[in-house]
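Encoded as structure tokens, the structure appears first; notes follow it.
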Amino acid sequence: MTSYEAKEIVLKAQILAGGRGKGIFNSGLKGGVHLTKDPKIVEQLAKQMIGYNLSTKQTPKDGVTVKKVMVAEALNISRETYFAILMDRACNGPVMVGSPQGGVDIEEVAVTSPELIFKEEIDIFEGIKDHQASQMAKNLGFKGPLQQQAADQIKKLYNLFLKIDATQVEVNPFGETPEGQVVCFDAKINFDDNAEFRQKEIFAMDDKSENEPIENEAAKYDLKYIGLDGNIACFVNGAGLAMATCDIISLNGGKPANFLDLGGGVKEAQVYQAFKLLTADPK
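If you read the sequence shown in this note's numbering, its first letter stands for residue 21, the second for the next number, and so on.
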């Protein structure tokens, strides 16, 4: 990239939120993802991203400050699909979700064209079968040699899903190039927090700078704290009860200020710190 040999360059704001392409910076720049064939404006674009807040539908109202921008060679996409593997409690295991209509919000596709959403449960003990991967590739619209390529990628993604203790591996777009290659162009991965003891290297890379300071402080004492927009404090023992409490408050016209789970094995010191966190919140 330093010699600018790429035919086209992509810049992506690095924040832990989706919808970056349609986001807006408080610098006035529209979009957290930009393509250019002119290497001379890369620095100019980056300067309008770094240090500014990017607001998307998944960020707080004020957005998130962008501290890093990825600059890479852009690849041409001849066709985009959507593919994901999720841990689904209703099925007691992993589920593949795919759509031949990728590159857009899958939620919109599910509403406007539900017939284009394909789901396939995977037996957690037996693993993914060749015919399941092949059928999903076919459902996504891959044909001929590309169907086998896509099936192989799907099986590798499932192996990755298990290896890293993921709860979600989402590839959007999962597409093909004009040269006939199946490529995972962009991915989002969520990890099971309960597997931290097994995935120390992965969790060591966790960038907590985007978290609210109060959330980082809570994590020091093994407390689960998530700030919300309301003004009614929640101090609850158990995640399920905490969520139910937030729901009841909302159903009765109130707005919870936080989600706070003390956990089952809470100790006196943690209760003390939890009270300190709540009373420190001006809401």
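Positions of the beta carbon are idealized from the N, C-alpha and C atoms, including for glycine.
- With a beta-carbon spacing of about 36 Å, Ala94 and Glu141 fall beyond the 8 Å limit used to define contacts.
- Counting C-beta atoms within 10 angstroms of its own C-beta, His151 has fewer than 16 neighbours from the protein chains shown and is therefore classed as exposed.
- According to the DSSP secondary-structure assignment, Ile105 is paired through a beta bridge with Met116, Val189.
- Of the other Cβ atoms in all chains shown, fewer than 16 fall within 10 Å of the Cβ of Asn179; this residue is therefore exposed.
- A distance below 7 Å between beta-carbons, with the five flanking residues on each side excluded, links Gly41 to the following residues of its chain, in chain order: Gly51, Gly52, Val53.
- Assigned with DSSP and collapsed to three states, Cys266 falls in helix.
- In this chain, the alpha helix (DSSP H) harbouring Met156 covers 150-159.
- When secondary structure is reduced to three states using DSSP, Lys228 falls in the helix class.
- By the beta-carbon neighbour count (other beta carbons within 10 angstroms, threshold 16), Pro302 is exposed.
- The C-beta separation of Gln34 from Val86 comes to about 7 Å, placing the pair in contact by the 8 Å criterion.
- Residues Leu55, Ala92, Ala94 of the same chain have their beta carbon placed closer than 6 Å to that of Val30, with the five preceding and five following residues left out of the count.
- Here the alpha carbons of Glu288 and Ile148 stand approximately 46 Å from one another.
- With a threshold of 16 other beta carbon atoms within 10 Å, Asp242 falls short and is exposed.
- By the neighbour-count definition (other C-beta atoms within 10 Å, threshold 16), Phe223 is an exposed residue.
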